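Per our numbering, the sequence shown starts with residue 2, numbered consecutively.
Backbone N, C-alpha and C fix where the C-beta goes; we use that ideal spot for every residue, glycine too.
Treat the numbers as computed from the prediction; the structure is a model and nothing was measured.
Structure first, then comments.
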Amino acid sequence: MKMSLVAIVLACAGIASGLQTATPQTQSAAPQPSAQSAPSQPQAAAQPPAQKKEIKDPNEYNAYVSAVQQTDPKAKISGLEAFLTQYPNSVMKEDALELLMGAYQQTGDQAKMMDAVQRLLQADPNNLRALALFSYIDRAKGTAQSFTEGAQYANRGLEALKTASKPDGMTDADFEKLKKQMAVIFNGTAGMAALQGKDYANAQKDLRAAVEGEPNDIQNVYPLALAYLSSAPPDSVNGLFFIARAANLAAGSPGQAQIESYGKSQYKKYHGSDQGWTDVVAAAKANPLPPQGFTITQYVPPTPAQQAHDLVKDKSTDELKKLSFAEWELVLSAGAPEDADKVWNAIKGVPMQMEATVIKAAPTQLDIAASQDDIDAKRADITLAMTGTIPPKLMPQEGSTLDFEGTPASYTASPFLMTMEKGALLTKAAPVTKKPPVHKRPSN
Numbered sequence: 002m003k004m005s006l007v008a009i010v011l012a013c014a015g016i017a018s019g020l021q022t023a024t025p026q027t028q029s030a031a032p033q034p035s036a037q038s039a040p041s042q043p044q045a046a047a048q049p050p051a052q053k054k055e056i057k058d059p060n061e062y063n064a065y066v067s068a069v070q071q072t073d074p075k076a077k078i079s080g081l082e083a084f085l086t087q088y089p090n091s092v093m094k095e096d097a098l099e100l101l102m103g104a105y106q107q108t109g110d111q112a113k114m115m116d117a118v119q120r121l122l123q124a125d126p127n128n129l130r131a132l133a134l135f136s137y138i139d140r141a142k143g144t145a146q147s148f149t150e151g152a153q154y155a156n157r158g159l160e161a162l163k164t165a166s167k168p169d170g171m172t173d174a175d176f177e178k179l180k181k182q183m184a185v186i187f188n189g190t191a192g193m194a195a196l197q198g199k200d201y202a203n204a205q206k207d208l209r210a211a212v213e214g215e216p217n218d219i220q221n222v223y224p225l226a227l228a229y230l231s232s233a234p235p236d237s238v239n240g241l242f243f244i245a246r247a248a249n250l251a252a253g254s255p256g257q258a259q260i261e262s263y264g265k266s267q268y269k270k271y272h273g274s275d276q277g278w279t280d281v282v283a284a285a286k287a288n289p290l291p292p293q294g295f296t297i298t299q300y301v302p303p304t305p306a307q308q309a310h311d312l313v314k315d316k317s318t319d320e321l322k323k324l325s326f327a328e329w330e331l332v333l334s335a336g337a338p339e340d341a342d343k344v345w346n347a348i349k350g351v352p353m354q355m356e357a358t359v360i361k362a363a364p365t366q367l368d369i370a371a372s373q374d375d376i377d378a379k380r381a382d383i384t385l386a387m388t389g390t391i392p393p394k395l396m397p398q399e400g401s402t403l404d405f406e407g408t409p410a411s412y413t414a415s416p417f418l419m420t421m422e423k424g425a426l427l428t429k430a431a432p433v434t435k436k437p438p439v440h441k442r443p444s445n
């Protein structure tokens with residue numbers, strides 16, 4: 002949140018007062034004493050119609066005017082505090098408190114400013130400036146409790162904005178500008194509270210409203226990106242646009258590299274590669290909001306059948322024999338019939354030397370796993386029928402790794418199991434060109 006917004010909220014209290022000269026008769030926007038209560042001012046009869054707020058006691062009026070026209074903040078504070086003490090029920094009490102909090106802010110007295118805001122909120126529970134300041138400050142504290150309290154002030158402020166009346170002395174343009182700036186504060190705080198509570202739908206709604214009101218405030222743009230990217234399912238197109246927007250707004254700051262790195266990683270995850278990321282960054286730099294038609298193509302991983310087809314496409318019989326066992330398993334279990342037949346015709350009846358993990362051992366048959374996925378699952382993917390009985394001293398232990406030779410004879414596609422015949426254990430001294438276990442789902 003830019004502090005300038007809060008400063009504007011405070012400064013507008015001075016605009017609303019409309020008291021810029023010392024002569025009451027020229028202050029069309031200032032509360033005027035009535036003709037009956039100020040007979041010593043004959044020119045009062047020529048005054049314009051009284052405004053909504055009117056001080057009828059000349060002494061009260063003079064005390065108010067004297068206080069608000071002070072140019073020195075400390076003198077203004079002294080005058081306003083005296084006025085509020087002497088006239089605690091004045092019709093101008095809220096105006097005086099608004100001016101008082103602005104004067105305290107000018108002197109840098111945060112505690113006194115917040116006391117004035119609290120007094121203002123007690124006098125008017127729906128005072129926009131007080132609600133805006135409290136919601137902003139609670140957001141800045143950044144604790145779970147302060148976010149909750151800040152959201153309460155923010156939601157009250159958003160409701161109050163719907164029926165807010167233009168203060169005396171403020172132009173329509175200034176009033177609309179003030180309401181817009183306050184809405185940014187309220188929506189930003191409400192959105193941040195929702196984000197902290199993982200209420201991503203409301204975080205998106207409120208933070209988007211704040212960003213539309215002030216597109217260059219990174220303290221709303223970045224959380225909005227997170228709200229989109231963190232939801233389930235994520236709104237990746239909007240999220241990636243606003244994370245790129247945040248990276249642009251952070252240019253030159255220590256956080257820029259981190260934001261851009263995160264955005265690029267999320268883009269790659271969604272799109273499948275970082276190709277086109279620079280285009281998103283450029284679009285976000287040129288546009289405060291996603292332009293019409295803005296989109297990002299989502300990467301769709303190939304199906305197992307597509308992976309299988311890519312593995313066997315354009316490969317010769319010799320090349321098919323050199324695939325890993327996990328790749329054979331993928332094609333034979335998930336490939337189209339023509340792709341599975343192509344692989345099976347290449348390896349059926351051909352003696353193979355391989356490495357596998359023992360799942361279960363018997364004298365004439367070994368149940369073993371040759372793909373890493375099946376090794377991890379402790380599930381056999383090969384039944385190896387031995388050519389003879391395995392001597393007890395050579396019997397492999399379950400979980401051990403062995404080198405063997407076998408000839409593919411048949412297979413079952415699901416659950417996958419290949420039967421090999423003519424099995425033989427290979428000694429370490431024997432030259433082996435074997436297929437080490439790999440994952441059966443190769444990366445694309």
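Through-space distance from I348 to E339, alpha-carbon basis:
Translated into positions along the sequence shown, residue 339 becomes position 338. Translated into positions along the sequence shown, residue 348 becomes position 347. Each residue's Cα considered, the two are about 15 Å apart.
Does the contact criterion of 3 or more C-beta pairs under 8 Å hold for the segment 383-392 versus the segment 295-304?
no
Apply the 10 Å Cβ neighbour rule to V212 and answer buried if 16 or more other Cβ atoms are within range, or exposed otherwise.
Against the sequence shown, residue 212 aligns to sequence position 211. V212 should be labelled buried.
C-alpha distance - P32 paired with Y154, whole-angstrom precision
By one-based count along the sequence shown, residue 32 stands at place 31. By one-based count along the sequence shown, residue 154 stands at place 153. Residue placement at P32 cannot be trusted, given a pLDDT of 35 that sits under 50; the coordinates are not used to answer.
Tell whether a beta-carbon distance below 7 Å holds between P409 and M396.
Position 408 of the sequence shown, counted from the first residue, corresponds to residue 409. Position 395 of the sequence shown, counted from the first residue, corresponds to residue 396. For P409 and M396, no; Cβs fall outside 7 Å.
What does a CB cutoff of less than 7 Å around P235 pick up in its chain, not counting 5 residues either side in sequence?
Along the sequence shown, one-based indexing puts residue 235 at 234. If we look at P235 and ignore the five residues flanking it on each side, its Cβ neighbours are Y229.
Please go through the same chain and pick out, in chain order, the residues whose beta-carbon is closer than 6 Å to the beta-carbon of Q71, but skip the five residues on each side of it.
Reading the sequence shown from its first residue, position 70 is the one you call residue 71. Answer for Q71: K77, G80, listed in chain order.
Could you compute how far the alpha carbon of L121 sits from the alpha carbon of A131?
One-based indexing of the sequence shown puts residue 121 at position 120. One-based indexing of the sequence shown puts residue 131 at position 130. Roughly 7 Å separates the two Cα atoms.
Are the beta-carbon atoms of A112 and F84 separated by less than 7 Å?
Position 111 of the sequence shown, counting from 1, holds the residue named residue 112. Position 83 of the sequence shown, counting from 1, holds the residue named residue 84. In this structure, F84 does not lie closer than 7 Å to A112 by Cβ.
Give the DSSP bridge partners of K361, in chain order.
The residue labelled residue 361 in the question sits at position 360 within the sequence shown. In the DSSP output, where bridge partners are listed per residue, K361 has D368.
In chain order, what residues of the same chain lie with their CB nearer than 7 Å to the CB of L427, ignoring the 5 residues before and after it?
As a position in the sequence shown, residue 427 is number 426, starting the count at 1. Answer for L427: Q354, D404, F405, E406, V433, listed in chain order.
Check F405 in the structure and name its three-state DSSP category.
As a working note, residue 405 is residue 404 in the sequence shown. For F405, the three-state secondary structure derived from DSSP is strand.
Sorry if obvious, but does the Cβ on G400 come closer than 6 Å to a heavy atom of the ligand ADP?
Judged by which ligands are present, the structure shown has none, so any question about the ligand ADP falls away.
Collapsed DSSP secondary structure at Q197 in the structure displayed
Translated into the one-based positions of the sequence shown, residue 197 becomes position 196. Helix, per DSSP.
Give the single residue among K286, G189, E150 whose Cα lies nearest to the Cα of Q205.
Counted from its first residue, the sequence shown places residue 205 at position 204. Cα-wise, what sits closest to Q205 is G189.
Under 8 Å: do the segment 179-199 and the segment 129-145 share three or more Cβ pairs, one atom per stretch?
Segment contact: the segment 179-199 against the segment 129-145, three or more CB-CB distances shorter than 8 Å; contact assigned.
If we count the other Cβ atoms within 10 Å of its Cβ and call it buried at 16 or more, is T318 buried or exposed?
On the sequence shown, residue 318 is found 317 positions in, with the first residue counted as 1. Exposed is the call here.
Secondary structure at L427, three-state DSSP: helix, strand or coil?
Residue mapping note: residue 427 aligns to position 426 of the sequence shown, counting from 1. Three-state result, L427: coil.
Given that a residue counts as buried once 16 or more other Cβ atoms are within 10 Å of its Cβ, and exposed if not, what is E160?
As a working mapping, residue 160 is identified with position 159 in the sequence shown. Under this definition E160 is an exposed residue.
With a threshold of 16 other CB atoms inside 10 Å of the CB of D207, please say whether the residue is buried or exposed.
Here residue 207 corresponds to residue number 206 of the sequence shown, with the count starting at 1. D207 is buried by the Cβ-count criterion.
Hey, would you say L241 sits closer than 7 Å to Y223, going by beta carbons?
Taking the first residue of the sequence shown as position 1, residue 241 is located at position 240. Taking the first residue of the sequence shown as position 1, residue 223 is located at position 222. Not in contact: L241 and Y223 (Cβ atoms no closer than 7 Å).
Beta-carbon contacts of V92 that lie in its chain and below 6 Å, excluding the five residues immediately before and after
Counting from 1 along the sequence shown, the entry for residue 92 is found at position 91. Excluding its 5 nearest sequence neighbours in each direction, V92 has C-beta neighbours in its own chain below 6 Å: K54, listed in chain order.
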